[in-house]
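Asker:
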Amino acid sequence: MNWTRKHLLGLEGIERDEIITILDTTSRFREILDRPVKKVPTLRGITIANLFFEPSTRTRMSFELAEKRLSADVLNFSASTSSLKKGETLRDTARNIEAMKVDMVVMRHPSPGAPHFLTNHIDGSIINAGDGSHEHPTQALLDLFTMREHAGDLKGKRVTIVGDILHSRVARSDIWGLKALGADVTLCGPSTFMPTEVEKLGVTVTHDIRDATGDADIVNILRIQRERQNGGFLPSLREYSALFGINAARLREMKPDVLIMHPGPINRGVEIAPDVADGDRSVILEQVTNGVAVRMAMLYLLSMVRASKRVEEADILAEVGA
């Protein structure tokens, strides 16, 4: 098995073979979701805490469903109803979770690096479910899985990411994952939405939507994240839609077999037109289904690493005792 990491904190630095291991494992769990009985005992006896310090519907439900499909015991934590409202620090919250003997933690937090901080205070495995504008590794993995299911090997494939790159944790994780698999990545959006020196990541940057999408095999459209913006990035949503929105007319200028993706939730009529989002080139709902399978695979792989570590520790103790 080419996965030996205790945590999944991001895709930066993840090797190609590791990603392939995750995607291959996802294929097996994806089959389970098509069975009449979708529950397996893989994580029976494992306790997983979902710590969401930001609002989330899609990701939180996907993780919780993945955990329950694997028969894990699930604890759900919401910042709006937690002791954080009473002044408890993240460190204290972490120490209390550790005292409850939780095996894994799925964490979303508005501050970049928060899941990394948690690894210093919890013995269990940590999965980053999105930290600020930094990374969102499981979203990128489900994107990669969906791409591979339709396009095959991604080496040499032209993938365009359109939209708010600056504020997008999905874009960062997608870039790391796509580059590891050998894809050619183009970023497109207003100059105000481009991180400084982003070309150093090995991507092409353009502000011309036709240039970006004309020969693309896959177009991944990002949501305009109004909640992460303090103003001044866009003159108006109408202007953004006119210059960068993907509508039926723009779709006709792309390859006939182009794959249209979106991490959700969708701002219909802004970054993507309803007829494109619901059209036959769109795999947006398929991404949602694949998200459950990817998260099942990731939870399984991390549990295998933990089990392997326990076996090694038991062997060492037995050897010392002998």
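Residue numbers for the sequence shown follow my numbering, beginning at 611 and rising by one.
A virtual CB, placed ideally from N, CA and C, is assigned to each residue, including glycine.
1. List the residues that DSSP assigns as beta-bridge partners of Met906.
2. Find out if the Cβ-Cβ distance for the pair Ala858, Asp885 is shorter than 8 Å.
3. Looking only at DSSP bridge pairs, what is Phe662 linked to?
4. Here's a check: name, in chain order, each residue in its chain whose Cβ is nearer than 8 Å to the Cβ of Ala883, leaving out the five neighbours to either side.
5. Is Ile624 helix, strand or coil by DSSP?
6. Considering Cα atoms alone, identify which of Ile732, Arg668 and Leu909 is closest to Leu633.
7. For Val647, count neighbouring Cβ atoms within 10 angstroms of its own Cβ and tell me buried if that reaches 16, exposed if not.
8. I need the DSSP call for Asp739, collapsed to helix, strand or coil.
9. With 16 other CB atoms within 10 Å as the buried threshold, where does Ala852 fall?
10. Report the CB separation of Glu674 from Val684 in whole angstroms; it is logged as a contact under 8 Å.
11. So the candidates are Val813, Met717, Ser681 and Tyr850; which of them puts its Cα closest to the Cα of Asp794?
12. Please classify Ala709: is it buried, with 16 or more other beta-carbons within 10 angstroms of its beta-carbon, or exposed?
13. Nearest-angstrom Cα distance between Met804 and Cys798?
14. Report the residue from Asp825, Ser735, Asp763 and Glu881 whose alpha carbon sits nearest the alpha carbon of Thr846.
15. Could you tell me if Gly773 is buried or exposed, where buried requires 16 or more neighbouring beta carbons within 10 angstroms of its beta carbon?
16. In chain order, which alpha helix (DSSP H) runs of at least 4 residues are fully inside the region 852–921?
17. Cutting at 7 Å between CB atoms, please list the residues of its own chain near Asn738, excluding the five before and the five after it.
18. Within its chain, find whatever has a CB closer than 6 Å to the CB of Thr636; leave out the 5 residues flanking it on each side and keep chain order.
19. Have a look at Leu895, Ala790, Met871 and Glu849 and flag the residue whose alpha-carbon is nearest the alpha-carbon of Ile828.
20. At the level of alpha carbons, what is the spacing between Asp825 and Lys865?
21. Can you find the residues in the same chain that come closer than 8 Å, C-beta to C-beta, to Ile876, ignoring five residues on each side of it along the sequence?
22. Quick one, are the C-beta atoms of Arg860 and Ile819 less than 8 Å apart?
23. Between Ile629, Phe639, Lys616 and Ile624, which lies nearest to Asn934 when the distance is taken from Cα to Cα?
24. Exposed or buried, what is Ser801 when buried is set at 16 or more other beta-carbons lying within 10 Å of its beta-carbon?
25. Please classify Ser721: is it buried, with 16 or more other beta-carbons within 10 angstroms of its beta-carbon, or exposed?
26. Mind reading off the beta-carbon distance from Ser681 to Val650? Whole number of angstroms is fine, and I expect it under 8 Å.
27. Which class does Thr631 belong to by DSSP, given the choice of helix, strand or coil?
Answerer: According to the structure data:
1. On the sequence shown, position 296 is the one that residue 906 refers to. None; Met906 has no bridge partner.
2. Position 248 of the sequence shown, counted from the first residue, corresponds to residue 858. Position 275 of the sequence shown, counted from the first residue, corresponds to residue 885. Yes, these two residues count as a Cβ contact at 8 Å.
3. Taking the sequence shown and counting its residues from 1, the one referred to as residue 662 is at position 52. Phe662 is bridged to Ser688 and Arg718.
4. Numbered from 1 along the sequence shown, position 273 holds the residue referred to as residue 883. The residues are Gly855, Ile856, Asn857 and Ala858.
5. In the sequence shown, counting from the first residue as 1, residue 624 sits at position 14. In the structure shown, Ile624 sits in coil (DSSP, three-state: anything other than H, G, I, E or B).
6. Taking the first residue of the sequence shown as position 1, residue 633 is located at position 23. When each option's Cα is compared against that of Leu633, the closest is Leu909.
7. For the purposes of this step, residue 647 is taken as the residue at position 37 of the sequence shown. Its Cβ having fewer than 16 others within 10 Å, Val647 is exposed.
8. Working through the sequence shown from its first residue, we reach residue 739 at position 129. This sequence places Ala at residue 739; Asp is not what is there. Note: Ala739 maps to strand in three-state DSSP.
9. Position 242 of the sequence shown holds residue 852. Result: exposed.
10. As a first step, residue 674 must be located in the sequence shown, where it is residue number 64. As a first step, residue 684 must be located in the sequence shown, where it is residue number 74. Confirmed, about 6 Å.
11. As a working note, residue 794 is residue 184 in the sequence shown. Checked all of Val813, Met717, Ser681 and Tyr850; the closest Cα to Asp794 is Val813.
12. In the sequence shown, residue 709 corresponds to position 99, counting from 1. Burial call: exposed.
13. Looking up residue 804 in the sequence shown gives position 194. Looking up residue 798 in the sequence shown gives position 188. Each residue's Cα considered, the two are about 8 Å apart.
14. Counted from its first residue, the sequence shown places residue 846 at position 236. Residue identity check: residue 846 is Ser in the sequence provided, not Thr. Comparing Cα-Cα distances from Ser846 to each of Asp825, Ser735, Asp763 and Glu881, the minimum goes to Glu881.
15. Position 163 of the sequence shown, counted from the start, is the residue given in the question as residue 773. Looking at its Cβ environment, which holds 16 or more other Cβ atoms inside 10 Å, Gly773 is buried.
16. 858–862 and 884–887
17. Within the sequence shown, numbered from 1, the residue matching residue 738 stands at position 128. So the list reads Leu618, Leu619, Gly620, Met717, Pro725, Glu745 and Pro747, once near-sequence residues are dropped.
18. Here the question's residue 636 lines up with position 26 in the sequence shown. Counting only Cβ-Cβ distances below 6 Å, and skipping sequence neighbours, we find Phe755, Ala903, Val904 and Ala907.
19. The count along the sequence shown starts at 1 and reaches residue 828 at position 218. The residue with the shortest Cα to Cα distance from Ile828 is Met871.
20. As a first step, residue 825 must be located in the sequence shown, where it is residue number 215. As a first step, residue 865 must be located in the sequence shown, where it is residue number 255. Going from the Cα of Asp825 to the Cα of Lys865 covers about 6 Å.
21. Here residue 876 refers to the residue found at position 266 of the sequence shown. Answer for Ile876: Arg833, Ile882, Ala887 and Ile894, listed in chain order.
22. Within the sequence shown, residue 860 is the residue found at index 250, counting from 1. Within the sequence shown, residue 819 is the residue found at index 209, counting from 1. Yes.
23. Because the chain here runs from 611 to 932, residue 934 falls outside it and cannot be looked at.
24. Stepping through the sequence shown from its first residue, residue 801 is reached at position 191. Exposed is the call here.
25. The sequence position of residue 721 within the sequence shown is 111, counting from 1. Label assigned to Ser721: exposed.
26. Reading the sequence shown from its first residue, position 71 is the one you call residue 681. Reading the sequence shown from its first residue, position 40 is the one you call residue 650. About 7 Å; that satisfies the 8 Å criterion.
27. Here the question's residue 631 lines up with position 21 in the sequence shown. Helix at Thr631.
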